Amino acid sequence: KQEVTQIPAALSVPEGENLVLNCSFTDSAIYNLQWFRQDPGKGLTSLLLIQSSQREQTSGRLNASLDKSSGRSTLYIAASQPGDSATYLCAAPNAGNMLTFGGGTRLMVKP
Amino acid sequence: ETGVTQSPTHLIKTRGQQVTLRCSSQSGHNTVSWYQQALGQGPQFIFQYYREEENGRGNFPPRFSGLQFPNYSSELNVNALELDDSALYLCASSLDIYTWGESSGNTIYFGEGSWLTVV
Chain C
10 KQEVTQIPAA
20 LSVPEGENLV
30 LNCSFTDSAI
40 YNLQWFRQDP
50 GKGLTSLLLI
60 QSSQREQTSG
70 RLNASLDKSS
80 GRSTLYIAAS
90 QPGDSATYLC
100 AAPNAGNMLT
110 FGGGTRLMVK
120 P
Chain Z
1097 ETGVTQSPTH
1107 LIKTRGQQVT
1117 LRCSSQSGHN
1127 TVSWYQQALG
1137 QGPQFIFQYY
1147 REEENGRGNF
1157 PPRFSGLQFP
1167 NYSSELNVNA
1177 LELDDSALYL
1187 CASSLDIYTW
1197 GESSGNTIYF
1207 GEGSWLTVV
């Protein structure tokens, strides 16, 4: 059974800092891993989907890496902005795109 | 804008009642999944439908049931509501269920969710 853990659970940083969010998973037999953003009281927005054949995926100031051998993924946010404040969730799929989510990292970027 | 819409956005029910939540997926998306997200936690997988058939279920009791219709809409039904059912219920759709192979992998699109409060 896949288990996904995210560290830290909460993070508060000043604007402009570069930061790293961590995600670990127990079953490395995955073909991809997905990072989502969730604003308070809202649904999930897909940020990045990393295939197992890729080690990194980039979108703007976001960079996600995947290391299946160690069961880890990281989301790097460069030059953080107050608008980045949200909860960030990683999710690993099992057969059929059924996702197992971590508990999320609640990010606060202070002006 | 993900193209996935859910209704209602908020509702309050009494313990023991039944509730139906609705979702409209993107056209062409054959797979719909439902997730329950308690406050402060990550979403938990309830079940998934592919071409109107349930093809996967999480650790939820039978009083959680669903339907998927040919017009890419779906429903989540919960009977005999309990206080612990209070949560955000998320619908997600994707093109297909298959993620085999390194070149596969579907982006999954979530709706804004339905907030259910059971009192």
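So the sequence lines, in the order shown, correspond to chains C and Z. Residue numbering for the first sequence follows my numbering, beginning at 10 and increasing consecutively. Residue numbering for the second sequence follows my numbering, beginning at 1097 and increasing consecutively. Beta carbons are placed, not taken as given, at the ideal position from N, Cα and C, and that holds for glycine. Nothing here was measured: the structure is a model prediction, and the numbers come from that model.
Counting only Cβ-Cβ distances below 8 Å, Z/TYR1205 has contacts in chain C at SER55, in chain order. The Cβ of Z/GLY1138 sits closer than 7 Å to at least one Cβ of chain C. Taking a beta-carbon distance threshold of 7 Å, Z/GLN1144 counts as an interface residue toward chain C. Per the Cβ contact rule, the region 1100-1116 of chain Z is not in contact with the region 1136-1156 of chain Z (fewer than 3 Cβ pairs under 8 Å). Using beta-carbon distances, Z/GLU1150 does not count as an interface residue toward chain C, since no partner is under 7 Å. Contact fails between the region 89-101 of chain C and the region 1121-1131 of chain Z, because fewer than three Cβ pairs, one in each stretch, are under 8 Å apart. By the criterion of a C-beta distance shorter than 6 Å, Z/SER1120 is surrounded in its chain by THR1101 and SER1169, once the five residues flanking it on both sides are discounted.
Residue state for C/ASP76 is assigned as strand, using DSSP reduced to three classes.
Within its own chain, the residues whose Cβ lies closer than 6 Å to the Cβ of Z/SER1103, once the five positions on either side in sequence are excluded, are ARG1118, listed in chain order. Rounded to whole angstroms, the separation of the alpha carbons of Z/ALA1134 and C/THR67 is 30 Å.
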